[in-house]
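According to the numbering used here, the stretch in the sequence shown is residues 1 to 131, in order.
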Amino acid sequence: MALYSDKVMDHFRNPRNVGVIEDADGVGEVGNARCGDIMKMYLKIDDGIISDVKFETFGCASAIASSSMATELIKGRPISEALSLTNKAVAEALDGLPAYKMHCSVLAEEAVRLALEDYYARHPMVERTAG
Ligand code: FES
């Protein structure tokens, strides 16, 4: 059996939503100290909806595929759904990751959550949504 699913390879080779949002409403950056990979998520939020999302990932194939899939899962969705995004959901949407690569999907979950924390920090008047 191939190490990576077709979906992982597709999102690695043609990652969706790569880039920077200059006037982002929230930015989250995370890294994994062991492998040195870094992921940065940019969110644009309008009326509680993730209207745009972009990412930059300096990392392995699984980290890039996970970032790409995470952006697809939250784009156009309400904040509450983005807050409850789990690394397991990202990995499942990719038709699975090898067990020793699951930590790569954790970066995506954490980057989205940190970007939302940053959004709330920058917009103190916005009422927090439960994830
Ligand atoms: Fe570090 Fe994949 S090996 S995120």
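Note that the Cβ used here is the ideal one computed from N, Cα and C, for glycine as well. Fair warning: this is a prediction, and the values are worked out from it, not measured in the lab.
Flag this pair as yes or no: are the beta carbons of R128 and Y120 separated by less than 8 Å? Against a cut-off of 8 Å, the Cβ pair of Y120 and R128 comes out as a contact.
Can you round the beta-carbon distance between K101 and S62 to whole angstroms, since I take them to be within the 8 Å contact cut? With a contact defined as Cβ atoms closer than 8 Å, K101 and S62 qualify at about 4 Å.
As a quick exercise: from G28, C104, S51 and G59, pick the residue whose alpha carbon is nearest that of E72. Checking every option, the nearest Cα to that of E72 belongs to S51.
What is the DSSP secondary structure of I74, counted as helix, strand or coil? helix
Considering only heavy atoms of the ligand FES, does any lie closer than 7 Å to the CB of A62? In the sequence as presented, Ala is not what sits at residue 62; that position holds Ser. In this structure, the ligand FES has a non-hydrogen atom nearer than 7 Å to the beta-carbon of S62.
Hey, L107 and V27: beta-carbon distance below 8 Å or not? Contact: no.
Would you tell me roughly how many angstroms separate the C-alpha atoms of I45 and G19, rounded to the nearest one? Going from the Cα of I45 to the Cα of G19 covers about 16 Å.
Please confirm whether any heavy atom of the ligand FES lies closer than 7 Å to the CB of N87. no
When DSSP labels each residue in this structure, what does I21 get in the three-state scheme? coil
Terminal residues of the alpha helix (DSSP H) in which Y119 lies: M102 to R122
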